[in-house]
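For the record, the sequence lines run as chains A, B and C.
Number 5 in numbering that gives the first Met the number 0 belongs to position 6 of the first sequence; there are no gaps in the numbering.
Number 5 in numbering that gives the first Met the number 0 belongs to position 6 of the second sequence; there are no gaps in the numbering.
Number 272 in numbering that gives the first Met the number 0 belongs to position 273 of the third sequence; there are no gaps in the numbering.
Ideal Cβ placement from N, Cα and C applies to all residues, glycine included.
Below: the structure, in structure tokens.
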Amino acid sequence: MAITTVPQIPRKAGRPPSPYSARPQRTSLGRKLRDNLTGHAFLIGAVLCFVVFSWYPMVRGIVMSFQRTRRGETTWVGWDNYSRIIADPSFWTAWQNTFYFTVLALALGYVVPFFVAILLNEFRHAKGYLRILVYLPVMLPPASALFLFKFYAYDPSEAGLFNAILKALHLPTSQWMQSPEMTMPAMVVASTWMNMGGAVLIYLASLQNIPGELYEAAELDAPGSGVGSST
Amino acid sequence: MTIPQTRLILALLAMLQIVATMQLFIEPLILANGAGAEDSATSVAYLIYQHGFFQNDLNGAAALGVIMLVVLAGFSAVYVRLTAKQD
Amino acid sequence: MAQDSGTRTLISQSQLSRGRGRVIYWTLLVVVVAGFTLVFLGPLYWMVTGALKSGQEIAQTPPSLFPKDPQPQNYIDAWNNLALAKLLFNTFYYAIGAVLFQLVFDTAAAYSLSKLRPMFGNVILALMLGTLMIPAMVLIVPQYVTVLDLPILHINLLDSPFAIWLPMVANAFNIFLLKRFFDSIPEELMAAALMDGATSMRTLWSIILPLSRPILGVVSIFAVTAVWKDFLWPKLVMPSPETRTVSVGIYTFAGGTPMNVVIAASVIAAIPTVIIFLIFQRNIMSGLTTGSLKG
């Protein structure tokens with residue numbers, strides 16, 4: 000925050016200085032009201048959109064979950080929707096799958112970008128190029144990228160990209176999306192490829208905020224190792 | 000030395016990643032045609048979509064959405080507690 | 000952002016210039032550059048060339064690295080059969096509208112929250128930022144019901160571009176990004192203008208906005224890519240074939256269309272965002288990192 004040099008009137012603590020209060024001669028109630036009105040006038044468009052498409056739906060979602068609408072008639076049904084949803088045999092499978100995906104995606108999509116960022120941070124060359132490469136898949140429409148994986152990479156025959164690579168390495172091929180065991184790992188790989196760029200960039204930026212002296216101090220603690228991360 | 004400096008970012012990203020992965024939807028929809036082999040791809044988000052827009056059960060889908068929110072709120076509570084302890 | 004060679008990282012400059020260190024560094028660099036090119040660019044190459052292969056060639060084992068007999072017809076078929084021109088136009092139209100709505104309403108809101116600071120401004124900001132923690136999937140059903148029958152007005156927004164434009168305005172991340180940028184503009188600049196009797200509107204227009212071009216660019220790029228990448232929401236609120244977005248259109252046709260044509264269409268759909276990225280990558284990356292770090 001810049002230091003305000005214009006004269007200021009005393010104000011309530013906690014509120015940063017506003018240029019409007021820089022005019023001591025006009026602090027009447029009417030003036031304050033008008034300033035507030037101007038402020039709210041600028042806010043109104045965005046606030047209305049938040050009300051209609053974000054805050055109200057939030058409340059409405061909770062209300063809807065206790066109601067039932069049949070042929071235009073809405074009635075309160077208490078916890079009926081919840082018991083029906085939980086009784087659905089897919090409910091627990093879906094949670095299991097989602098948690099499984101979350102764990103796998105964290106293991107892959109969280110750890111891998113971290114090491115990629117550390118690696119990129121060490122390079123003095125080709126850094127811009129590598130950064131562009133990592134972020135490029137993030138810019139693809141997910142539908143485009145997923146059709147690529149579906150048709151070309153996860154083709155269960157040996158014409159598929161992944162199976163061709165596995166075969167060339169004399170490893171067993173996979174049915175990918177047609178095998179229940181491989182479905183989740185295959186989705187995690189596709190998802191990580193599409194999304195890891197963002198995490199890499201954020202790590203990279205935070206690594207660049209580390210002052211160089213810290214590394215030097217770490218080296219003094221453990222001479223010769225040069226690997227500060229191990230502490 | 001690298002780790003403590005970036006710990007806050009790491010923790011925040013973990014949380015954001017959990018919020019994002021919990022919404023797993025388009026991957027099962029396109030890669031696995033929805034449910035996948037033996038229901039192996041069905042996700043909670045996909046179930047919301049199924050109930051709301053195919054089984055004509057918007058109320059059930061809303062209930063599932065609320066359950067998802069509660070689960071995530073639980074995660075956030077754990078996350079806040081863990082990060083507060085470390086500092 | 001720019002990291003010059005003098006900046007200290009894990010491995011010191013002296014370690015690198017020593018003989019053995021230098022060999023390791025260059026070997027590692029070459030391996031990483033080659034590996035990353037393969038992992039991140041390889042699939043895109045496979046996609047573009049795969050869509051040029053004939054049906055037989057794509058089913059052959061082992062797969063061929065180059066298309067033996069390129070079939071540009073796949074791309075032409077994709078363009079014609081899927082009416083891609085119309086789909087791309089729709090998506091472009093929604094994207095431009097989203098940029099305009101966001102620039103107008105989100106900039107105004109961020110300006111108010113940063114400089115005018117009306118009563119309850121902080122409460123409103125907190126409520127907005129709170130939405131960042133709510134996953135989109137939780138809101139999808141009530142949002143859809145709201146769009147079907149807007150409260151008070153009782154208008155059905157289905158198939159109307161406003162169903163995409165207006166919800167895009169409710170973007171806490173962009174408001175936050177803009178507010179942070181406006182916060183960094185010195186108050187003296189504004190105070191001087193106010194002394195001259197300029198209205199808030201004029202201050203915004205002639206002082207704040209000209210200084211804010213970089214961040215406005217970032218917000219615009221984010222808006223375009225968000226519309227281009229979005230799938231479920233446009234699928235729900237733009238159900239007719241005439242109003243579909245390109246991703247939804249390709250998905251709808253994927254079932255009854257040869258696989259190579261679907262991939263060709265996917266390539267065409269990805270071209271605009273890739274071009275935007277290559278042109279504006281610096282702005283995108285700096286916007287991403289400042290927005291996420293300095294909060």
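For A86 (chain A) and V103 (chain C), I'd like the C-alpha separation in whole angstroms.
47 Å
Neighbour-count burial assignment, F113 (chain A), 16 or more Cβ in a 10 Å radius
buried
Taking just the CA atoms, how far does G254 (chain C) sit from M127 (chain C)?
40 Å
Considering only their Cβ atoms, is the gap separating A116 (chain A) from L203 (chain A) smaller than 7 Å?
yes
For W78 (chain A), three-class secondary structure by DSSP:
coil
Cutoff 7 Å: H169 (chain A) Cβ touching any chain C Cβ:
no
Cα-Cα separation between G223 (chain A) and V30 (chain C), rounded to whole angstroms
Because G223 (chain A) sits at a pLDDT of 37, beneath the cut-off of 50, its placement in the model cannot be relied upon, and the following sentence gives the value as read from the coordinates. Looking at the two C-alpha atoms, the distance is approximately 25 Å.
What in chain C is Cβ-close to L132 (chain A), meaning under 7 Å?
F35, T36, F39, L40
Supposed contact pair T145 (chain C) and V51 (chain A) - C-beta distance, whole angstroms, cut 8 Å
7 Å
With DSSP run on the structure shown, which of helix, strand or coil describes A21 (chain A)?
Reliability fails at A21 (chain A), whose pLDDT of 47 lies under 50, so the model's placement of it is uncertain and the value that follows must be treated cautiously. It is helical.
Check T244 (chain C) in the structure and name its three-state DSSP category.
coil
Which first and last residues belong to the beta strand (DSSP E) in which R33 (chain A) is found?
Premise fails: R33 (chain A) lies in the alpha helix (DSSP H), 28-49, not in any beta strand (DSSP E).
Can you check whether the C-beta of S82 (chain A) is within less than 7 Å of a C-beta belonging to chain B?
no
So what's E187 (chain C) in DSSP terms, helix, strand or just coil?
helix
To the nearest angstrom, how far is it from the Cα of F90 (chain A) to the Cα of L103 (chain A)?
20 Å
Counting pairs of beta carbons, one from the region 188-199 of chain C and one from the region 146-159 of chain C, are three or more of them closer than 8 Å?
no
Taking the continuous beta strand (DSSP E) assigned at Q66 (chain A), which residues delimit it?
66-69
Using the rule of at least 16 other Cβ atoms within 10 Å of the residue's Cβ for burial, across every protein chain shown, is I283 (chain C) buried or exposed?
buried
Would you say L68 (chain B) faces chain C, with C-beta separation under 7 Å as the test?
yes
Do the region 158-168 of chain C and the region 87-99 of chain C meet, that is, are 3 or more Cβ pairs less than 8 Å apart?
yes
Distance, V247 (chain C) Cα to K234 (chain C) Cα
6 Å
If the cut is a Cβ gap below 9 Å, which residues of chain B does I57 (chain C) touch?
The premise fails here: I57 (chain C) is roughly 18 Å from chain B at the closest Cβ pair, so nothing lies under 9 Å.
Does chain C have any CB closer than 7 Å to the CB of G64 (chain B)?
yes
May I ask you to list the residues that DSSP assigns as paired with E72 (chain A)?
A:R69
Can you find a C-beta in chain B that's less than 7 Å from the C-beta of S20 (chain A)?
The predicted model places S20 (chain A) with a pLDDT of 46, which falls under 50 and marks its position as unreliable; any figure quoted below should be read in that light. Cβ-Cβ to chain B under 7 Å: no for S20 (chain A).
Taking only beta-carbon atoms, is W78 (chain C) less than 7 Å away from chain A?
no
Hey, is K149 (chain A)'s beta-carbon within less than 7 Å of any beta-carbon in chain B?
yes
Going by alpha carbons, who is nearest to N32 (chain B) out of A:M57, A:T37, A:Y81, A:L145?
A:L145
Same chain only: Cβ atoms within 8 Å of I123 (chain C), ignoring 5 sequence neighbours per side:
L112
Excluding sequence positions up to five away, which residues of its chain have a Cβ less than 6 Å from the Cβ of L12 (chain B)?
none
Rounded to the nearest angstrom, what separates G196 (chain A) and Q66 (chain A) at their Cα positions?
42 Å
I139 (chain C) to W232 (chain C) span [Cα, whole Å]:
8 Å
Please decide whether F221 (chain C) counts as near chain B, where near means a Cβ-Cβ distance under 7 Å.
no
Assess contact between the region 171-187 of chain A and the region 34-45 of chain B, defined as three or more Cβ pairs (one per stretch) separated by less than 8 Å. Is contact present?
yes
Distance check for V79 (chain B) and F35 (chain C), CA to CA, integer angstroms please.
36 Å
For R179 (chain C), name the three-state secondary structure that DSSP assigns.
helix
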